[in-house]
Each structure stands twice: as C-alpha cells, then as structure tokens.
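Student: Supplied in structure tokens, the structure appears directly below.
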C-alpha cells in the first residue's frame, strides 16, 4: 500500500493565523482526500484534491477557509485559514490504493492542530 | 444519507479475552466496508476490507464479517492483548470508483488490561 508522509505532525497556532499542511505520497495516485477529526469525533471528509483541477468540497467546507493545492500526482497541501479554536483537530490526508491495494483507503499519520 | 453507528462506544476487557465490535449502517447499498485502528493522537491503520460480495475477511487474530442485507458488520478479535488497545473505526464506501466517499462510524475505544 502507499506510504503517506504528512507534516507538520503537530502545531500550536494563534487565532487568526493560517497553517499549511503537506501530504506526500510515495506513488502516483489519482485522488487524494483530506479529512478532519475533531476531538472525540469520527472523521469528516473536507474535500477531494484533484490533480489539474479545483478540489471538490463537501457540504459545510469552503475553499476560502480550506484552500487545497494539488500540483502533481504525489503531493497535496491543505491550508487552514484564519484559524479559530474550533479548528483544533487532527487533519488527515488519504489515498485510495492502486493495483493489488485497490479500494483500500490509506491514511497519513495526521497533523494535530491546536488553536489558542 | 448513510449513517454508520458503532456499539459499544468504549470497551474494557482483560487480556486473553475474545471480543466483538459492532458496526451498523443504514443504507445497505454499499460497495465495501473497511475496518481501521487508530492509536491516540495518530492516523488510521487499515485492518481489513470486505467487498460487498464477501461475507468475511481474516487477518491473524482479526476476523471481520459483513451482512449487507441487515446493514451490519462485526470485528472479532481473538485472544486480546494490551497492544490491541486503540480506537477501532469502521467505514463504508457507497460506490465503486475512487471518487465515492467513505462514511465513518464514531468508533469503539478498546482497552485491554493486564
């Protein structure tokens, strides 16, 4: 299965600032997904990052708040803009496997954000 | 809209015990179901994936079953160990193709005690 590297692994941020999270995959993948996991909650899909086109956002998430870049088939970034304490979460990127790992969703280790 | 529920929310068992975690989903028209493990503050590790046409999958001490018609899946852990302590999440995929979304359950937090 794909190996996903995310950074930063954790950060403490001030209210009103923005932070960009990077996701690097060791193989080319068609789609990358960004999830949020708020404290004590399950995972919620933020958006699907498409290479060469704009990301597709889920209901409740907007591009101005969570801009996403996908410059190539192995890399994506998620920015959390104008942060507030409510944005304190773990943010995870994931990809769907190829070949023998097809259909298996693989996750990065996550980026834990705390907004003060 | 698909909803996924996991019961119990938390479970504590002594080492060596066999246990069953439950996952139910409201829309039986699923493509596959995946079980994950999440250690505190970490990402998710895929444990087992069951396609909609399958009844069960096994990996080591883990066995996952799927009853699509009744909207249920179980994860059976045999001879539990303290290292099994983690949160277990199930997720269902609504359709084929990489664009189809996963809906996650709320998780079962498992504690295996010595």
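Chains as they are written, first to last, in this note's numbering: chain R, 1 to 116; chain X, 1001 to 1114. Every residue gets a Cβ at the ideal spot worked out from N, C-alpha and C, and that includes glycine.
Roughly how far, in whole angstroms, is the beta-carbon of residue 112/R from the beta-carbon of residue 1041/X, given that I think they are within contact range, below 8 Å?
Tutor: Sure, about 6 Å apart at Cβ, within 8 Å.
Student: Is the region 1020-1036 of chain X touching the region 1078-1094 of chain X in the sense that three or more CB pairs, one from each, lie closer than 8 Å?
Tutor: They touch, by the three-pair rule.
Student: For residue 1068/X, which residues in chain R fall below 8 Å Cβ to Cβ?
Tutor: Residues of chain R passing the Cβ test: none, with the nearest at roughly 16 Å.
Student: Write down the C-beta distance between residue 1086/X and residue 1075/X rounded to the nearest angstrom, noting that I regard them as a contact closer than 8 Å.
Tutor: Not really, about 12 Å apart at Cβ, beyond 8 Å.
Student: Hey, could you find the ends of the beta strand (DSSP E) residue 107/R is sitting in?
Tutor: 105-107 is the span of the beta strand (DSSP E), which, as asked, contains residue 107/R.
Student: So what does DSSP say about residue 86/R, is it helix, strand or coil?
Tutor: Here residue 86/R sits in helix by DSSP.
Student: Going by C-alpha distance, which of 1079/X, 1019/X, 1102/X and 1069/X is nearest residue 42/R?
Tutor: Checking every option, the nearest Cα to that of residue 42/R belongs to 1102/X.
Student: Whole angstroms are fine: how far does the CA of residue 40/R sit from the CA of residue 19/R?
Tutor: Looking at the two C-alpha atoms, the distance is approximately 22 Å.
Student: I want to see whether chain X comes within less than 8 Å of residue 49/R, judged by CB atoms only; does it?
Tutor: No, residue 49/R does not count as interfacial toward chain X.
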